Amino acid sequence: MTTSTNTDTNQDTPAPADVRVAVVTGGSRGIGRAVSRKLARDGLAVVVNYARDAASAEETVAAITADGGRAIAVRADVAEEKEVAALFERAEEEFGGVDVVVNAAGRMVLAPIADLDLAAFDAVHRTNVRGTFVVAQQAARRLRAGGSFVGFSTSVVGTQFPAYGAYAASKGAVEAMTLILARELRGRDITVNTVAPGPTATDLFLEGKTPERIDELAKIPPLERLGTPEDIAAVVAFLAGPEGHWVNGQILRANGGMV
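For the sequence shown, position 89 matches number 89 in UniProt numbering, and the numbering has no gaps at all.
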């Protein structure tokens, strides 16, 4: 992920004071886009964060506003503290506060441990570990009472497929932070959970895999299909909403029943 300056596009009017507000990092594509659209359909004003692909972020905002929702797109590198602070400040300026933070930004590289270039390892951990920590830090400082933080892991932490060493290690760190942060926020009525998807049909997942390998992975869950971004977005929306507010400090494996 490249370091980015803080710019934004605004395609909507400010939300009323009683509207809940979500910040979705990596919200312009894949699971992040599905989460952004689902939360908007549930009535939240959404800040769609992106690092490089402004066009996709603007498409996500346009889709939300076309459905009658409220959204803006704001650029920030999740691993850069000042940029993430500015992202949250922009959300507060535009919509009045932050109630939900979904850290969907992520990076994946696949290679056997013996062969992986350490520069690629560092890049994965910069986004997935440092980025999660930076976003969680701002969320802990700024979320309003009744709010939720939702991080992202992977079911590969449990399945431990070959070639996923760097990626699974980075997501194991995310899982380790989850209950710790939930306990640190004791008394503030804020939940902290992590969603760990199984194989999900996104560009990030499909990149570099043969059709045969994709078919093999699709057959692993008892439901015998890949997940969709919308499957995962529904889980996130549950955790971010009032119905899921008793769930706290948990890792939820949304994977169709794979181990």
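Just so you know, even glycine gets a beta-carbon here, dropped at the ideal spot from N, CA and C.
Predicted model only: the values in this text are computed from it and were never measured.
So what's Gly146 in DSSP terms, helix, strand or just coil?
-> strand
Going by C-alpha distance, which of Val195, Gly249 and Gly244 is nearest Glu184?
-> Gly249
Segment limits, beta strand (DSSP E) that includes Tyr50 | Ala45 to Tyr50
Is it the case that the Cβ atoms of Tyr167 and Thr178 are separated by a distance below 8 Å?
-> no
DSSP three-state assignment for Gly257, whether helix, strand or coil = coil
Starting from the N-terminal side, write out each stretch of the beta strand (DSSP E) that is 3 residues or longer and does not extend beyond the stretch 17-71.
-> 21-25 and 45-50
What residue from Val78, Ala86 and Val98 has the CA that sits closest to Asp18's CA?
-> Val98
How many angstroms separate the CA atom of Asp189 from the CA atom of Ala145?
-> 5 Å
How close, in whole Å, do the beta carbons of Gly165 and Leu204 come, if the pair is a contact with beta carbons under 8 Å?
-> That pair is no contact at about 17 Å.
For Gly241, write down the residues that DSSP places opposite it in a beta bridge.
-> BP columns for Gly241 are empty, so no partner.
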